[in-house]
Amino acid sequence: MGLHAHIGSQVFVAGFFTQAVEALAPFVNELGLPELSIGGGIGVAYVEGEEAPSITEWGDVVRAACADAGITARVSAEPGRSIAAQAGLTVYRVGTIKDVPGIRTFVACDGGFIDNPRPALYGSGYETFLPQAVAADRTETVRLVGKHCESGDVLVPEARVPAGLAVGDLIATPVTGAYGRTMGSNYNSLGRPAVVFVRDGQARVVIRRETDQDLLATDVG
Ligand SMILES: Cc1ncc(COP(=O)(O)O)c(C=O)c1O
């Protein structure tokens, strides 16, 4: 049918897709294949200082590369993260704050690696902000951790937050719309949180919070 490549994920340099097209084009053209898929992998910015190409910039680069390489095959792509990641954020409630003098302040929340395993799996970075004070200066650095009773349950090792963060406050990590829930688990038999779509001040639950009954649903005896 054609050729497919997925050159990697979190690709911040659109020109790397040009290199992929250049590598694949001779095969597609010489074999007269009807399709070339250039995979996904367009990066998204998670933390301050990261810059990613927009989907438009990436599309322009891919189209130009295909034109230059004389591709007449149908060109398809499989972007995942770049579509969904920035559409989502995760909202946690602060459960405990523990200051260890001279070491750090731990802020434990009601989620963790069951809703976002990426930091624990491979050290992915996230920013933090308080929904009740979105524009506030984030002058304090704390360690945002989960509730799953494991030393690896760290969501944001160096989370910047405004002064005065208190138990019961909401704290959010943006850019969790991709590879968060889909990689989540029921670790320690805990239910996963709800997914809520929000637009123009209107909210609707699209996936409800898991219940104990859900967790027992596959038990047969
Ligand atoms: C074959 C293939 N296509 C597309 C994707 C989507 O990647 P991304 O979400 O980085 O765009 C992946 C992710 O691993 C993949 O393995």
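For the sequence shown, the working numbering assigns the number 336 to the initial residue and increments by one for each residue that follows. Glycine included, each C-beta is placed from N, C-alpha and C at the ideal position. None of these values were measured; they are calculated from a predicted model.
Collect the residues with a C-beta less than 5 Å away from any heavy atom of ligand 2 and give them in sequence order along the chain.
In the structure shown, ligand 2 is absent; the only ligands present are ligand 1.
Using 8 Å as the threshold, is the C-beta distance between Gly515 and Arg544 below it?
No, Cβ-Cβ distance for Gly515 and Arg544 is not below 8 Å.
Considering only the beta carbon of each residue, do Arg416 and Glu370 sit closer than 8 Å?
Cβ distance not < 8 Å, so Arg416 and Glu370 don't count as in contact.
Determine, using beta-carbon pairs with one atom in the segment 429-442 and one in the segment 388-406, whether at least three such pairs fall under 8 Å.
Cβ pair count under 8 Å is below three, so no.
Name the DSSP beta bridge partners of Leu479, please?
Partner(s): Val442, Val491.
Compare the beta carbon distance of Leu505 and Pro466 with 8 Å and say whether it is the shorter of the two.
Contact flag set, yes.
Under the rule that 16 or more other beta-carbon atoms within 10 Å means buried, what is Asp450, buried or exposed?
With 16 or more other Cβ atoms within 10 Å, it is buried.
Determine the DSSP secondary structure at Glu485, reduced to helix, strand or coil.
Correct three-state label for Glu485: coil.
In the structure shown, what three-state DSSP assignment does Phe464 receive?
Looking at Phe464 - three-state DSSP - the assignment turns out to be strand.
Considering only DSSP beta bridges, list what His339 is partnered with.
Bridge partners of His339: Ser372.
Any idea what DSSP makes of Thr546, helix, strand or coil?
The answer is coil: DSSP assigns Thr546 none of H, G, I, E or B.
Please classify Pro388 as buried or exposed, where buried requires at least 16 neighbouring CB atoms within 10 angstroms.
Buried, by the Cβ-count rule.
Please determine, among Pro492, Val379, Ser372, Ala419, the residue with the shortest C-alpha to C-alpha distance to Thr407.
Among Pro492, Val379, Ser372, Ala419, the Cα nearest to that of Thr407 belongs to Ser372.
Could you pull the start and end residues of the alpha helix (DSSP H) that Phe532 belongs to?
Not the alpha helix (DSSP H): Phe532 falls in the beta strand (DSSP E), residues 530-534.
Could you check what DSSP says for Thr553 in three-state terms: helix, strand or coil?
If DSSP states are grouped into helix, strand and coil, Thr553 belongs with coil.
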